[in-house]
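Numbering (the working numbering), first residue to last: 7 to 158.
Read through the structure below, which is laid out as C-alpha coordinates, and then see the notes.
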Amino acid sequence: METKNKYLLIMRHGHYDPITRQLTEDGRELLDTKVIPAILDECSKNGITTFEHIFYSPQIRTSETAGILARHAAVKPEQMVLRNEIDDGNGMHPEIMMDFNRHFLGDTFVCKAVVSHGDVCAALHMLLAKKMKIFKEPGDWALIPLPENGQT
(Lines of atoms letter the chains of each structure in order from A; the text may use other names.)
(Lines give C-alpha, C1' and ligand atoms only; values in the text may rest on other atoms or scores of the structure.)
Protein backbone atom coordinates (compact mmCIF):
# COMPACT_ATOMS: atom_id res chain seq x y z
CA MET A 7 0.00 0.00 0.00
CA GLU A 8 1.53 3.28 -1.10
CA THR A 9 0.44 6.38 0.82
CA LYS A 10 -0.40 9.82 -0.55
CA ASN A 11 -0.46 11.36 2.92
CA LYS A 12 2.49 13.15 4.48
CA TYR A 13 3.88 12.04 7.83
CA LEU A 14 6.47 13.18 10.29
CA LEU A 15 8.11 10.81 12.74
CA ILE A 16 9.13 12.55 15.94
CA MET A 17 11.49 10.49 18.07
CA ARG A 18 13.29 11.06 21.33
CA HIS A 19 16.85 9.78 21.51
CA GLY A 20 17.67 6.48 23.20
CA HIS A 21 18.90 5.98 26.77
CA TYR A 22 22.35 7.52 27.27
CA ASP A 23 25.18 7.73 29.78
CA PRO A 24 25.09 11.18 31.43
CA ILE A 25 28.90 11.29 31.65
CA THR A 26 29.86 10.28 28.09
CA ARG A 27 26.58 11.56 26.56
CA GLN A 28 26.62 8.45 24.34
CA LEU A 29 23.93 5.81 24.07
CA THR A 30 24.32 2.94 26.52
CA GLU A 31 24.46 -0.65 25.30
CA ASP A 32 21.02 -1.21 26.82
CA GLY A 33 19.80 1.91 25.03
CA ARG A 34 21.13 0.65 21.71
CA GLU A 35 19.61 -2.78 22.26
CA LEU A 36 16.20 -1.34 23.10
CA LEU A 37 16.26 0.79 19.95
CA ASP A 38 17.42 -2.16 17.80
CA THR A 39 15.05 -4.79 19.15
CA LYS A 40 11.87 -2.97 20.22
CA VAL A 41 11.57 0.73 19.49
CA ILE A 42 12.63 0.92 15.85
CA PRO A 43 10.92 -2.32 14.78
CA ALA A 44 7.69 -0.90 16.29
CA ILE A 45 8.22 2.37 14.40
CA LEU A 46 8.82 0.59 11.10
CA ASP A 47 5.78 -1.63 11.67
CA GLU A 48 3.57 1.43 12.20
CA CYS A 49 5.12 3.09 9.16
CA SER A 50 4.42 0.02 7.05
CA LYS A 51 0.77 0.03 8.15
CA ASN A 52 0.57 3.57 6.78
CA GLY A 53 2.25 2.78 3.46
CA ILE A 54 5.59 4.31 4.44
CA THR A 55 8.64 2.41 3.22
CA THR A 56 11.43 4.81 4.17
CA PHE A 57 12.22 8.35 5.31
CA GLU A 58 13.22 10.98 2.78
CA HIS A 59 15.34 12.66 5.45
CA ILE A 60 16.23 12.13 9.08
CA PHE A 61 16.92 15.43 10.85
CA TYR A 62 18.78 15.28 14.15
CA SER A 63 20.26 17.64 16.70
CA PRO A 64 24.02 17.97 17.26
CA GLN A 65 24.01 16.05 20.55
CA ILE A 66 25.85 12.70 20.44
CA ARG A 67 22.86 10.70 21.67
CA THR A 68 20.56 12.06 18.95
CA SER A 69 23.16 11.46 16.26
CA GLU A 70 23.61 7.86 17.39
CA THR A 71 19.85 7.29 17.63
CA ALA A 72 19.33 8.76 14.15
CA GLY A 73 22.08 6.50 12.82
CA ILE A 74 20.40 3.39 14.22
CA LEU A 75 17.06 4.47 12.74
CA ALA A 76 18.76 5.09 9.39
CA ARG A 77 20.40 1.67 9.42
CA HIS A 78 17.09 -0.09 10.06
CA ALA A 79 15.23 2.00 7.47
CA ALA A 80 17.98 1.82 4.81
CA VAL A 81 18.34 5.61 4.77
CA LYS A 82 21.45 6.77 2.93
CA PRO A 83 24.06 8.98 4.62
CA GLU A 84 23.20 11.92 2.36
CA GLN A 85 19.62 11.75 3.69
CA MET A 86 20.86 12.32 7.25
CA VAL A 87 20.70 16.01 8.07
CA LEU A 88 22.34 17.56 11.13
CA ARG A 89 20.33 20.62 12.11
CA ASN A 90 21.64 22.77 14.95
CA GLU A 91 18.30 24.57 15.02
CA ILE A 92 16.56 21.43 16.29
CA ASP A 93 18.29 21.72 19.64
CA ASP A 94 21.69 23.19 20.29
CA GLY A 95 21.32 22.68 24.03
CA ASN A 96 18.86 25.56 24.42
CA GLY A 97 15.76 23.98 22.89
CA MET A 98 14.41 24.55 19.41
CA HIS A 99 14.87 28.03 18.02
CA PRO A 100 11.57 29.96 18.10
CA GLU A 101 11.72 30.97 14.44
CA ILE A 102 11.93 27.31 13.45
CA MET A 103 8.89 26.47 15.56
CA MET A 104 6.94 29.29 13.93
CA ASP A 105 7.64 28.06 10.41
CA PHE A 106 8.58 24.41 10.76
CA ASN A 107 7.07 23.49 7.39
CA ARG A 108 9.26 25.92 5.43
CA HIS A 109 12.44 25.05 7.31
CA PHE A 110 12.10 21.26 7.31
CA LEU A 111 9.32 19.73 5.31
CA GLY A 112 8.93 21.30 1.88
CA ASP A 113 6.38 20.19 -0.67
CA THR A 114 7.12 16.69 -1.91
CA PHE A 115 7.72 13.92 0.57
CA VAL A 116 5.95 11.00 2.20
CA CYS A 117 7.70 10.76 5.56
CA LYS A 118 10.54 12.58 7.24
CA ALA A 119 11.88 12.04 10.74
CA VAL A 120 13.18 14.28 13.51
CA VAL A 121 15.31 12.81 16.30
CA SER A 122 15.72 15.19 19.21
CA HIS A 123 15.09 15.61 22.93
CA GLY A 124 11.93 15.20 24.98
CA ASP A 125 10.98 18.87 25.25
CA VAL A 126 11.56 19.54 21.56
CA CYS A 127 9.61 16.41 20.59
CA ALA A 128 6.71 17.49 22.82
CA ALA A 129 6.71 20.99 21.32
CA LEU A 130 6.72 19.64 17.76
CA HIS A 131 3.93 17.22 18.61
CA MET A 132 1.82 20.05 20.03
CA LEU A 133 2.52 22.22 16.99
CA LEU A 134 1.77 19.54 14.39
CA ALA A 135 -0.73 17.17 16.03
CA LYS A 136 -2.45 19.91 18.05
CA LYS A 137 -2.40 17.81 21.23
CA MET A 138 -0.02 17.21 24.12
CA LYS A 139 2.26 14.20 24.27
CA ILE A 140 5.07 13.87 26.78
CA PHE A 141 8.21 12.22 25.39
CA LYS A 142 9.38 11.11 28.81
CA GLU A 143 11.09 7.81 28.09
CA PRO A 144 14.15 7.38 25.88
CA GLY A 145 13.02 6.15 22.48
CA ASP A 146 9.48 7.56 22.79
CA TRP A 147 8.07 8.39 19.37
CA ALA A 148 5.00 9.49 17.45
CA LEU A 149 4.09 9.19 13.78
CA ILE A 150 2.04 12.25 12.90
CA PRO A 151 -0.11 12.52 9.79
CA LEU A 152 0.19 16.05 8.46
CA PRO A 153 -2.51 18.13 6.80
CA GLU A 154 -2.71 17.60 3.05
CA ASN A 155 -1.11 20.92 2.27
CA GLY A 156 1.61 20.33 4.87
CA GLN A 157 0.90 23.61 6.67
CA THR A 158 1.40 23.73 10.41
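No residue lacks a Cβ here, since even glycine has one placed at the ideal position from N, Cα and C.
Predicted, not measured: the structure shown is a model, and the values here were computed from it.
State yes or no: is the C-beta of residue i within less than 9 Å of the C-beta of residue j?
i: Ser122; j: Leu133; result: no
i: Lys142; j: Leu15; result: no
i: Ile45; j: Leu152; result: no
Between residue i and residue j, what straight-line distance do the alpha-carbon atoms span, to the nearest angstrom?
i: Pro64; j: Lys139; result: 23 Å
i: Met86; j: Ala72; result: 8 Å
i: Ile54; j: Pro43; result: 13 Å
i: Gly124; j: Ala76; result: 20 Å
i: His59; j: Cys49; result: 14 Å
i: Arg34; j: Pro144; result: 11 Å
i: His78; j: Lys136; result: 29 Å
If I follow the unbroken beta strand (DSSP E) through residue i, where does it start and stop?
i: Leu14; result: Lys12 to Arg18
i: Ile60; result: Ile60 to Tyr62
i: Ala148; result: Trp147 to Leu152
i: Met132; result: Premise fails: Met132 lies in the alpha helix (DSSP H), Gly124 to Ala135, not in any beta strand (DSSP E).
Between residue i and residue j, how many whole angstroms is the CB-CB distance? I'm expecting something under 8 Å.
i: Leu36; j: His21; result: 7 Å
i: Gln28; j: Ile74; result: In fact, because the Cβ distance is near 12 Å, the residues do not count as touching under 8 Å.
i: Phe115; j: Val81; result: The pair is not a contact, with the Cβ atoms about 13 Å apart (cut-off 8 Å).
i: Val126; j: Phe61; result: Val126 to Phe61, Cβ: 11 Å. No contact.
Please classify residue i: is it buried, with 16 or more other beta-carbons within 10 angstroms of its beta-carbon, or exposed?
i: Pro83; result: exposed
i: Glu31; result: exposed
i: Pro24; result: exposed
i: Thr68; result: buried
i: Lys12; result: buried
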